[in-house]
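Keeping their order, the protein sequence lines are chains D and E. Mapping the first sequence onto UniProt numbering, position 234 (from 1) lands on 234, and the numbers just tick up by one. Mapping the second sequence onto UniProt numbering, position 302 (from 1) lands on 302, and the numbers just tick up by one. The C-beta atom is built at its ideal place from N, Cα and C for all residues, glycine as well. Structure, as structure tokens:
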Amino acid sequence: MGKPIIQISNLMKTYRLGGETVHALNNVSIEIEKGEFIAIIGPSGSGKSTLMNMIGCLDQPHSGTYLLDGKDIGKLNDNQLATIRNRKIGFIFQNFNLLTKLTALENVELPLLYAGVSAKERRERALEGLNKVGLKERAGHLPTQLSGGQQQRVAIARALAGNPAILLADEPTGALDSKTSKEILLIMKELNELGHTIILITHDLAIAKQANRMVSIQDGQLQENGGELVGNLPIY
Amino acid sequence: MGIFQSIKMALKSIKSNKLRSALTMLGMIIGVSSVIILVSIAQGSAANVTSQINQLGTNLLTINTFGSDLALTEDKIKELSKLNGVKAVSPVVSGRVNVKQGRTSSQVTLTGTNAEYSTVRDTKVSNGRFITDLDLEYRQKIAVIGSDTASTFFGTENPVGQYLQIDGTSFKVVGVLVSKGSSMGQSGDNVVIVPLSTGQRLVKSTTINQVYLQGQSEDQMDFVMNEVEMALASMYPNKSDSYSVTNQQDLMDTMSSVTNTMTMMLGGIASISLLVGGIGIMNIMLVSVSERTKEIGIRKAIGAKRRDVLLQFLIEAVVLSGVGGLIGILTGVGLGKLVSSILSLTVSFTPSVMVLSFLFSLAVGVVFGVFPANKASKLNPIQALRYE
Ligand SMILES: Nc1ncnc2c1ncn2[C@@H]1O[C@H](COP(=O)(O)OP(=O)(O)O)[C@@H](O)[C@H]1O
Ligand SMILES: [Mg+2]
Chain D
1 MGKPIIQISN LMKTYRLGGE TVHALNNVSI EIEKGEFIAI IGPSGSGKST LMNMIGCLDQ
61 PHSGTYLLDG KDIGKLNDNQ LATIRNRKIG FIFQNFNLLT KLTALENVEL PLLYAGVSAK
121 ERRERALEGL NKVGLKERAG HLPTQLSGGQ QQRVAIARAL AGNPAILLAD EPTGALDSKT
181 SKEILLIMKE LNELGHTIIL ITHDLAIAKQ ANRMVSIQDG QLQENGGELV GNLPIY
Chain E
1 MGIFQSIKMA LKSIKSNKLR SALTMLGMII GVSSVIILVS IAQGSAANVT SQINQLGTNL
61 LTINTFGSDL ALTEDKIKEL SKLNGVKAVS PVVSGRVNVK QGRTSSQVTL TGTNAEYSTV
121 RDTKVSNGRF ITDLDLEYRQ KIAVIGSDTA STFFGTENPV GQYLQIDGTS FKVVGVLVSK
181 GSSMGQSGDN VVIVPLSTGQ RLVKSTTINQ VYLQGQSEDQ MDFVMNEVEM ALASMYPNKS
241 DSYSVTNQQD LMDTMSSVTN TMTMMLGGIA SISLLVGGIG IMNIMLVSVS ERTKEIGIRK
301 AIGAKRRDVL LQFLIEAVVL SGVGGLIGIL TGVGLGKLVS SILSLTVSFT PSVMVLSFLF
361 SLAVGVVFGV FPANKASKLN PIQALRYE
């Protein structure tokens, strides 16, 4: 394997709630290779979303370094972060976060719009993306006209639209029933086989086990191989 | 992202929130249309007054006399007519007389004057002829009557050749004037014009009340006025309180400064409603920013820069106020026409006022859109995403 796409070392993020200091991330270090399918598992409030915001360049750490593709994220300004989010990262959220006023196709086109892709190419690529997740016929539908599973698939198509290096999924199946969850996981596995780096965040061990590598997080601290949560269960 | 895309996105967002957009635009529509209505009414009445004054001719001087100690005789008037740059002079005696024809009788304004009056005051006859110098010389008992007087006494009949009793004396009607309409509240059509000599006898006074002097050209009027004033001063030393000389241009300048002030005042009042419309836009944009916090969060997460969000909201505000301004112009012109036909007011629409109020509404959109747009663009994406 080559150079890791993500290199995080000694990352700290604290929140002050009243007089209390919460270490949402406490000295977190992790390296993720290109093409990996990694699951980050932890109970609610353990710092999963905070870590995802860091990796996704939505937030910046209080201390520690984060190198994405060798670039120090801590040194970038708002605009540069926006560009990185646009080009290198595809977000998949628990609650889909589609724009309700836009059709499925327009939602998928949105990252390309901000990337400055021409209207024609945008349309082609968005349709292709919808086709990949099996929703080509639903291109003109509004999110409210789609089921939860379909909405999440649109969200996946949107995350893929800009062909980003990393797919970040924060509890992508959290709002879905088990059958639809399996479908979504299957799509993610396929995407991984196609070479996408996938970071899957979940509190569900069964889902985490679908990944090739698992790390657990608790009280802001990261442990390889699921740590005490999974005991010494072999993953591979 | 290009500006074209931003505009498309803003339009889409406006379309998908029809009620909110309509309410936002309402303020702009009311503002712009009231500016246009009020200014067009003010300008209409200004144009009205100006055209009435213009009708008299801008190369016109008027000598008004007060009291009877001036004794402006025909010789003196002849002297005035010989001054340089004076084209025609028309002395006038006037009074109220009783006019009777059959059973109809009525009080009418009498004007005794000469043949020049027709050119000096631009009064034309629609039927028959005007007074001639011969009529003055022979003290003819003939009359030229206004169109209202004609219809009062003769109805639809042709008055020319018929007779009227003026203060008991019989006068033959030789002509009917073209209707002038009312001027500054006075009907110019309810008049009887007779030869000066006959008129002096009718009003039992030789005092000439007014002398109209027509100059050869407009740009000489200041010079002619000077001349006339000097001539009068030498004819009547120490009697400058008994007469006044007015220049038509002076009157016009005074009137237009009055109407300009009126236009500015009305325009100013209406601009306040434009401003209020702008504050309305800011309010609704601010509400829309918090309503769409989540949307902003999502957009930022997938790569929207501050500039993109700023532009989106700013363009929305500008489009809202611009479209509102356009609808306001149409409404203003429509309502202005309605008002003018219902209240029979003259309105005059000036393109510059429309363009100006439209630009003003755009500017209001920018100014009051910047604050909410800036607020939106500064939202922290994480907090915006958490927002429900
Ligand atoms: N904006 C914030 N302000 C204050 N505390 C926060 C904020 N975001 C997260 N936290 C705290 O940080 C910890 C980790 O939160 P989070 O990463 O959302 O957990 P998870 O996604 O694993 O449920 C929690 O204790 C949470 O209360
Ligand atoms: Mg979370």
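Residue i (DSSP reduced to helix, strand or coil)
| i | result |
| --- | --- |
| residue 206 of chain E | coil |
| residue 237 of chain D | The requested residue 237 of chain D is not part of the displayed model; chain D covers only 1 to 236. |
| residue 60 of chain D | coil |
| residue 170 of chain D | strand |
| residue 7 of chain D | strand |
| residue 72 of chain D | strand |
| residue 42 of chain E | helix |
| residue 17 of chain D | strand |
| residue 399 of chain E | This structure cannot speak to residue 399 of chain E, because chain E is shown only from 1 to 388. |
| residue 178 of chain D | helix |
| residue 60 of chain E | strand |
| residue 387 of chain E | coil |
| residue 243 of chain E | strand |
| residue 108 of chain D | helix |
| residue 169 of chain E | strand |
| residue 28 of chain D | strand |
| residue 254 of chain D | Outside the displayed range of chain D (1 to 236) lies residue 254 of chain D, so it cannot be described from this structure. |
| residue 27 of chain E | helix |
| residue 73 of chain E | coil |
| residue 100 of chain D | coil |
| residue 4 of chain E | helix |
| residue 39 of chain D | strand |
| residue 90 of chain D | strand |
Where residue i meets chain E, residues with beta-carbon distance less than 8 Å
| i | result |
| --- | --- |
| residue 83 of chain D | 303 and 305 |
| residue 110 of chain D | 299 and 302 |
Where residue i meets chain D, residues with beta-carbon distance less than 7 Å
| i | result |
| --- | --- |
| residue 308 of chain E | 114 |
CB contact check: residue i to chain E, cutoff 8 Å
| i | result |
| --- | --- |
| residue 67 of chain D | no |
| residue 209 of chain D | no |
| residue 78 of chain D | yes |
| residue 91 of chain D | yes |
| residue 71 of chain D | no |
| residue 163 of chain D | no |
| residue 99 of chain D | yes |
Within-8 Å CB hit, residue i to chain D
| i | result |
| --- | --- |
| residue 295 of chain E | yes |
| residue 5 of chain E | yes |
| residue 300 of chain E | yes |
| residue 379 of chain E | no |
| residue 36 of chain E | no |
| residue 16 of chain E | yes |
| residue 281 of chain E | no |
| residue 385 of chain E | yes |
| residue 375 of chain E | no |
| residue 20 of chain E | no |
| residue 368 of chain E | no |
Contact set between residue i and chain E, taken where Cβ atoms lie within less than 7 Å
| i | result |
| --- | --- |
| residue 86 of chain D | 302 and 303 |
Selection from the options that minimises the alpha carbon distance to residue i
| i | options | result |
| --- | --- | --- |
| residue 9 of chain E | E:112, E:94, E:295 and E:166 | E:295 |
| residue 200 of chain D | D:14, D:21, D:29 and D:51 | D:51 |
| residue 99 of chain E | E:167, E:228, E:59 and E:28 | E:167 |
| residue 309 of chain E | D:113, D:211 and D:53 | D:113 |
| residue 284 of chain E | E:373, E:242 and E:326 | E:373 |
| residue 221 of chain D | D:28, D:109 and D:121 | D:28 |
| residue 163 of chain D | D:87, D:194, D:108 and D:37 | D:87 |
| residue 291 of chain E | E:229, E:385, E:242 and E:235 | E:385 |
| residue 189 of chain E | E:266, E:243 and E:126 | E:126 |
Partner residues on chain D for residue i, Cβ-Cβ distance less than 8 Å
| i | result |
| --- | --- |
| residue 382 of chain E | 53, 58 and 59 |
Heavy atom of ligand 3 within 7 Å of residue i beta-carbon
| i | result |
| --- | --- |
| residue 179 of chain D | The model depicted lacks ligand 3 and carries ligand 1 and ligand 2 instead. |
message: Quick check for students: name the residue ranges of the alpha helix (DSSP H) that lie wholly in the stretch 87-166 of chain E, counting only runs of 4 or more.
response: 117-120, 133-137 and 147-154
task: Return the chain-ordered ranges of every alpha helix (DSSP H) run that is complete within the UniProt domain "ABC3 transporter permease C-terminal" (269-381) of chain E and spans a minimum of 4 residues.
output: 293-301, 306-342 and 351-377
query: Which whole runs of the beta strand (DSSP E) in the stretch 209-233 of chain E are 3 residues long or more, in chain order?
result: 210-215
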